[in-house]
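Working notes, beginning with the structure itself.
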Amino acid sequence: MLKVMNEKELKQFIDKLNNDYKVAAPVKKQQGKQEILEYDYIEEFEEIHLEEQPDKSPKEFFLPQNEVLDPEAIAKSNPEENKTIIFGVRSCDIEALRVFDDVFLDDTYVDPYYEKRRDNTIIIGYSCPHREPTCFCDQLGISPHENKLADLYLYKFDDKYWIKSINEDSEKLIKDLADGDEDLFDEKLKNKKDNFGESDFKFNMETPIPEEKAFNAPIWDDIAEKCLGCGVCTYYCPTCFCFNFFFDEDDKENQKYRSWDSCMFSLFTKHASGHNPRETQGQRWRQRLMHKFSYHPQNYGGLSCVGCGRCVKKCPVTLDIREALKSTEEYLKDEGGAVVED
Amino acid sequence: MKTETLLDHKAEIIKITQETGVNLNIKTFRYRFLDEEIRKNFTFRPGQFMMVTIDGIGEAPFGFASSPTQKDYIELSVKNVGLVTNAIHNLKVGDIIGVRGPYGNGFPVEETIGKNIVFIGGGIGLAPLRSLINYVLDEEKRKQFGNVQLLNAFRSPDDLIFKYDYDKWENSPDTIVKYTIDEPCEKWDYCVGFPHTLLKDELNCELQNTKYFTCGPPIMIKFVTEELKNLNIDPADIITTLEMRMSCGVGKCGKCNIGHYYVCKDGPVFTLEQLGEMPDEY
Numbered sequence: 002m003l004k005v006m007n008e009k010e011l012k013q014f015i016d017k018l019n020n021d022y023k024v025a026a027p028v029k030k031q032q033g034k035q036e037i038l039e040y041d042y043i044e045e046f047e048e049i050h051l052e053e054q055p056d057k058s059p060k061e062f063f064l065p066q067n068e069v070l071d072p073e074a075i076a077k078s079n080p081e082e083n084k085t086i087i088f089g090v091r092s093c094d095i096e097a098l099r100v101f102d103d104v105f106l107d108d109t110y111v112d113p114y115y116e117k118r119r120d121n122t123i124i125i126g127y128s129c130p131h132r133e134p135t136c137f138c139d140q141l142g143i144s145p146h147e148n149k150l151a152d153l154y155l156y157k158f159d160d161k162y163w164i165k166s167i168n169e170d171s172e173k174l175i176k177d178l179a180d181g182d183e184d185l186f187d188e189k190l191k192n193k194k195d196n197f198g199e200s201d202f203k204f205n206m207e208t209p210i211p212e213e214k215a216f217n218a219p220i221w222d223d224i225a226e227k228c229l230g231c232g233v234c235t236y237y238c239p240t241c242f243c244f245n246f247f248f249d250e251d252d253k254e255n256q257k258y259r260s261w262d263s264c265m266f267s268l269f270t271k272h273a274s275g276h277n278p279r280e281t282q283g284q285r286w287r288q289r290l291m292h293k294f295s296y297h298p299q300n301y302g303g304l305s306c307v308g309c310g311r312c313v314k315k316c317p318v319t320l321d322i323r324e325a326l327k328s329t330e331e332y333l334k335d336e337g338g339a340v341v342e343d
Numbered sequence: 005m006k007t008e009t010l011l012d013h014k015a016e017i018i019k020i021t022q023e024t025g026v027n028l029n030i031k032t033f034r035y036r037f038l039d040e041e042i043r044k045n046f047t048f049r050p051g052q053f054m055m056v057t058i059d060g061i062g063e064a065p066f067g068f069a070s071s072p073t074q075k076d077y078i079e080l081s082v083k084n085v086g087l088v089t090n091a092i093h094n095l096k097v098g099d100i101i102g103v104r105g106p107y108g109n110g111f112p113v114e115e116t117i118g119k120n121i122v123f124i125g126g127g128i129g130l131a132p133l134r135s136l137i138n139y140v141l142d143e144e145k146r147k148q149f150g151n152v153q154l155l156n157a158f159r160s161p162d163d164l165i166f167k168y169d170y171d172k173w174e175n176s177p178d179t180i181v182k183y184t185i186d187e188p189c190e191k192w193d194y195c196v197g198f199p200h201t202l203l204k205d206e207l208n209c210e211l212q213n214t215k216y217f218t219c220g221p222p223i224m225i226k227f228v229t230e231e232l233k234n235l236n237i238d239p240a241d242i243i244t245t246l247e248m249r250m251s252c253g254v255g256k257c258g259k260c261n262i263g264h265y266y267v268c269k270d271g272p273v274f275t276l277e278q279l280g281e282m283p284d285e286y
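Same order as they appear, the protein sequences are chains C and H. Sequential numbering from 2 applies to the first sequence in the working numbering. Sequential numbering from 5 applies to the second sequence in the working numbering.
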């Protein structure tokens, strides 16, 4: 189902959705002198900023930075009759949900907290308006223009907004809007794609990256030389999901807390005995890159990097995963193989 | 498909055994689930592990030290090394702990049926092996397995654990039990030396039809498995169990992986053949 709106109609559409559901979208927040663009529930349409890449992905809606593990509380806070709609999500951040689904909806052990939030969320994607210099989703097989993992997709061509349903369930949300002309839409989308440009960074490796060869490559200490181990890359990463549990001695109810953790921290793998399988920052960088490009793909099929470039943007010492991938590629090429020839 | 809330079930400590002296503080805790349904339906395999929660303090993984053939209670043996283990050591009979699990693959029990078995355990590493030893030597199970050899290694005579089991082990049919300590000592009539130096002369390491189970400090596992390989044992028949820091136990929290294998889910039991294919990061 394809529909078309002007900006005023889009506002009416979002306001109506916000009556029937809870709508979250990228909104600006003042943090000291800085403005942060992050997903939050909106009061009105005017708060929404679609044209810039949000500083944070919406992963906190699915895996909060801190949460109390309580199945009853989560059922209560996610009633079926009041779903959350996350509006304006870019393809990279939508693709990141595939990675979360792989892990948290894994057949062997389903995570009920994630499952509840995921089931209770409708995603409206937004076709990327432009490439950031740090973006490289196109190199990882992800289209910045649309993503089938969303429920609905919004496109802006000139001053018109087009919205397309991806599954039958979401058709009811847009059925009252004016029909769009399929041929005209296809032409405009093709035109957008043709003029969008490509990432300067080229990813030429076969994936999964060969585990043994890349693991033993003598490149990791050099890659991590500047790394502070601050974990910012993993906190901003839309696909990073590692977590830890906490207990509060003063908490009379003895609740169990789950919080984000990071493979970039030295304590992440440290045993009580003092032994640490990953003692150096080089080993931790290797874990981060290999998890995304070798281990996750071996276990689940797809990469667990979506090329959003936030880790590049946010690193306080300008470490760049694209450079690390290039080093890996050059090493593997010298070793013969694992690189796709142009 | 199984839903995993990551929350524990309450269990009561019903017996505490001080295993070692002050130098290596190991205690064994016997517990029982408070909920009768759970108590009745709880099953596990030797080699699997549980997550034990001490409210307000933390949670850590422990291998089952008792055999699943023991239906009345479960045992875990704990060496006091960190925050959680220290809190466990401070528990008294009647105290409540949290337990969730079982997790992990467990020892390949079915593949071992009809085979001879060699157990080489060092220190607290004997605890996960004891689950399988007591399973194999259980009166009803004993005839399913061939001859059994045990080499139990400890630092000194003060460090022996599970002493109350030794009579039963030694008196089991077709079972040989040997003990060793690191250095010679008065009134010690058994073997002396690190276990890998004793394999050739003290045990009958057959090439065919035998499974080798070893667990102990990482360095001991390394030397024992290497020596077994030198004796031409097939790496697929050499089985060990690993320990890693973990939070979830179900392959999600991201801490315990060695390459693409998760010790909590794909392990903790691995053959030497599998370990050979894994990156050296444990």
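Note that beta-carbon positions come from the ideal geometry of N, C-alpha and C, so glycine has one too. A quick note: this is a predicted structure, and the numbers were derived from the prediction, not measured.
**Asked** Per DSSP, what kind of secondary structure is M206 of chain C in: helix, strand or coil?
**Response** If you number the first sequence from 1, residue 206 of chain C lands on position 205. Three-state result, M206 of chain C: strand.
**Asked** Quick one: complete beta strand (DSSP E) runs, 3+ long, within the region 117-185 of chain H?
**Response** 120-126, 152-158, 179-185
**Item:** Alpha carbon of C309 of chain C to alpha carbon of F247 of chain C, nearest angstrom
**Value:** Position 308 of the first sequence, counted from the first residue, corresponds to residue 309 of chain C. Position 246 of the first sequence, counted from the first residue, corresponds to residue 247 of chain C. Whole-angstrom Cα-Cα distance: 30 Å.
**Element boundaries [beta strand (DSSP E), containing C234 of chain C]** = The sequence position of residue 234 of chain C within the first sequence is 233, counting from 1. That residue, C234 of chain C, is in no beta strand (DSSP E); its alpha helix (DSSP H) goes 233-237.
**Request:** Report all residues from its chain with a CB closer than 6 Å to the CB of L276 of chain H; omit the five preceding and five following residues, and keep chain order.
**Result:** On the second sequence, position 272 is the one that residue 276 of chain H refers to. Cβ neighbours of L276 of chain H beyond the five flanking positions: T229, P239, I242.
**Message:** If you measure between the beta carbons of V181 of chain H and L154 of chain H, is that distance less than 8 Å?
**Reply:** Taking the second sequence and counting its residues from 1, the one referred to as residue 181 of chain H is at position 177. Taking the second sequence and counting its residues from 1, the one referred to as residue 154 of chain H is at position 150. Yes, the Cβ-Cβ distance between V181 of chain H and L154 of chain H is below 8 Å.
**Message:** Does A15 of chain H come out as helix, strand or coil in the three-state DSSP assignment?
**Reply:** Numbered from its first residue, the second sequence carries residue 15 of chain H at position 11. Looking at A15 of chain H - three-state DSSP - the assignment turns out to be strand.
**Message:** Here's a check: name, in chain order, each residue in its chain whose Cβ is nearer than 6 Å to the Cβ of Y183 of chain H, leaving out the five neighbours to either side.
**Reply:** Position 179 of the second sequence, counting from 1, holds the residue named residue 183 of chain H. The residues are N156, Y194.
**Request:** Could you tell me if L10 of chain H is buried or exposed, where buried requires 16 or more neighbouring beta carbons within 10 angstroms of its beta carbon?
**Result:** Residue mapping note: residue 10 of chain H aligns to position 6 of the second sequence, counting from 1. Buried, since its Cβ has 16 or more Cβ neighbours within 10 Å.
**Asked** Based on the DSSP output, what are the partners of V273 of chain H in its beta bridges?
**Response** Residue mapping note: residue 273 of chain H aligns to position 269 of the second sequence, counting from 1. H:T245, per the DSSP bridge assignment.
**Prompt:** Just curious, the alpha helix (DSSP H) that N192 of chain C is in, first and last residue?
**Reply:** Translated into the one-based positions of the first sequence, residue 192 of chain C becomes position 191. From DSSP, the alpha helix (DSSP H) with N192 of chain C extends over 183-196.
**Cβ separation of M265 of chain C and F216 of chain C, assumed to be a contact under 8 Å, to the nearest whole Å** = Within the first sequence, numbered from 1, the residue matching residue 265 of chain C stands at position 264. Within the first sequence, numbered from 1, the residue matching residue 216 of chain C stands at position 215. M265 of chain C to F216 of chain C, Cβ: 18 Å. No contact.
**Message:** Can you give me the C-alpha to C-alpha distance between V267 of chain H and T245 of chain H, rounded to a whole angstrom?
**Reply:** Taking the first residue of the second sequence as 1, we reach residue 267 of chain H at position 263. Taking the first residue of the second sequence as 1, we reach residue 245 of chain H at position 241. Answer to the nearest angstrom: the Cα atoms are 9 Å apart.
**Prompt:** Looking at the structure shown, is Y110 of chain C part of a helix, part of a strand, or coil, going by DSSP?
**Reply:** Numbered from its first residue, the first sequence carries residue 110 of chain C at position 109. Three-state DSSP puts Y110 of chain C in coil, outside helix and strand.
**Prompt:** Comparing alpha-carbon positions, which option in H:S81, H:E231, H:G150, H:C219 lies nearest L203 of chain H?
**Reply:** Mapped onto the second sequence, residue 203 of chain H falls at position 199. Each of H:S81, H:E231, H:G150, H:C219 was checked against the Cα of L203 of chain H, and the nearest Cα belongs to H:E231.
**Asked** First and last residue of the beta strand (DSSP E) that includes E68 of chain C?
**Response** Mapped onto the first sequence, residue 68 of chain C falls at position 67. Looking at the DSSP string, the run of the beta strand (DSSP E) that includes E68 of chain C is 67-69.
**Asked** Residue ranges of each beta strand (DSSP E) run of no fewer than 3 residues wholly in the region 87-154 of chain C, ordered along the chain?
**Response** Fully enclosed beta strand (DSSP E) runs of 3 or longer: 122-127.
**Prompt:** Of all Cβ atoms in chain H, is any one closer than 8 Å to the Cβ of Y110 of chain C?
**Reply:** Reading the first sequence from its first residue, position 109 is the one you call residue 110 of chain C. Chain H contact via Cβ: present.
**Message:** I'd like to know if K327 of chain C contacts chain H, where contact means its C-beta is closer than 8 Å to some C-beta of that chain.
**Reply:** Along the first sequence, read from residue 1 onward, the residue named residue 327 of chain C stands at position 326. Taking Cβ atoms only, chain H never reaches closer than 8 Å to K327 of chain C, which makes this a no.
**Item:** Burial state of C189 of chain H, where buried means 16 or more other Cβ atoms lie within 10 Å
**Value:** By 1-based counting over the second sequence, the position of residue 189 of chain H is 185. Classification of C189 of chain H: exposed, given that the 10 Å Cβ count is below 16.
**Prompt:** Considering A64 of chain H, what are the terminal residues of the beta strand (DSSP E) in which it resides?
**Reply:** Mapped onto the second sequence, residue 64 of chain H falls at position 60. It spans 62-67 - the beta strand (DSSP E) in which A64 of chain H sits, taken as one unbroken run.
**Asked** What residues of chain H sit near A76 of chain C, judged by a beta carbon separation below 9 Å?
**Response** Position 75 of the first sequence, counting from 1, holds the residue named residue 76 of chain C. Chain H residues near A76 of chain C: none, gap ~12 Å exceeds 9 Å.
**Option in H:D142, H:N138, H:P132, H:I117 with minimal Cα separation from F149 of chain H** = Your numbering for residue 149 of chain H matches position 145 in the second sequence. Residue H:I117 is the option with its Cα nearest to F149 of chain H.
**Request:** Return yes when the Cβ of F111 of chain H is within less than 8 Å of the Cβ of L130 of chain H, no when it is not.
**Result:** One-based indexing of the second sequence puts residue 130 of chain H at position 126. One-based indexing of the second sequence puts residue 111 of chain H at position 107. Not a contact, by the Cβ cut-off of 8 Å.
**Prompt:** Mind listing which residues of the region 270-296 of chain C have their C-beta closer than 9 Å to chain H's C-betas, in chain order?
**Reply:** T270, K271, H272, A273, S274, G275, H276, N277, P278, R279, Q284, R287, Q288, M291, H292, S295, Y296
**Which listed residue (H:I262, H:H93, H:L141) has its alpha carbon closest to that of S176 of chain H** = By 1-based counting over the second sequence, the position of residue 176 of chain H is 172. Taking the Cα of S176 of chain H as reference, the smallest distance to any Cα among H:I262, H:H93, H:L141 is reached at H:L141.
**Asked** By Cβ distance, which residues of its chain are closer than 6 Å to I210 of chain C, with the 5 residues on each side in sequence left out?
**Response** For the purposes of this step, residue 210 of chain C is taken as the residue at position 209 of the first sequence. Result list for I210 of chain C: F294, S295, in chain order.
**Message:** Can you check whether the C-beta of K19 of chain H is within less than 8 Å of a C-beta belonging to chain C?
**Reply:** Counting from 1 along the second sequence, the entry for residue 19 of chain H is found at position 15. No - not a single Cβ of chain C is within 8 Å of the one on K19 of chain H.
**Asked** For Y258 of chain C, which residues from the same chain have a beta carbon less than 8 Å from its beta carbon, with the 5 sequence-adjacent residues on both sides left out?
**Response** As a position in the first sequence, residue 258 of chain C is number 257, starting the count at 1. Residues N67, E68, V69, L70, F246, F247, F248, D249 of the same chain have their beta carbon placed closer than 8 Å to that of Y258 of chain C, with the five preceding and five following residues left out of the count.
**Request:** Please name the residue or residues paired with S328 of chain C in a DSSP beta bridge.
**Result:** In the first sequence, the residue the question calls residue 328 of chain C occupies position 327. For S328 of chain C, which the question treats as bridged, DSSP gives no partner whatsoever.
**Prompt:** So is S267 of chain C buried or exposed if we call it buried at 16+ other beta carbons inside 10 Å?
**Reply:** Along the first sequence, read from residue 1 onward, the residue named residue 267 of chain C stands at position 266. Answer is exposed; the Cβ neighbour count stays below 16.
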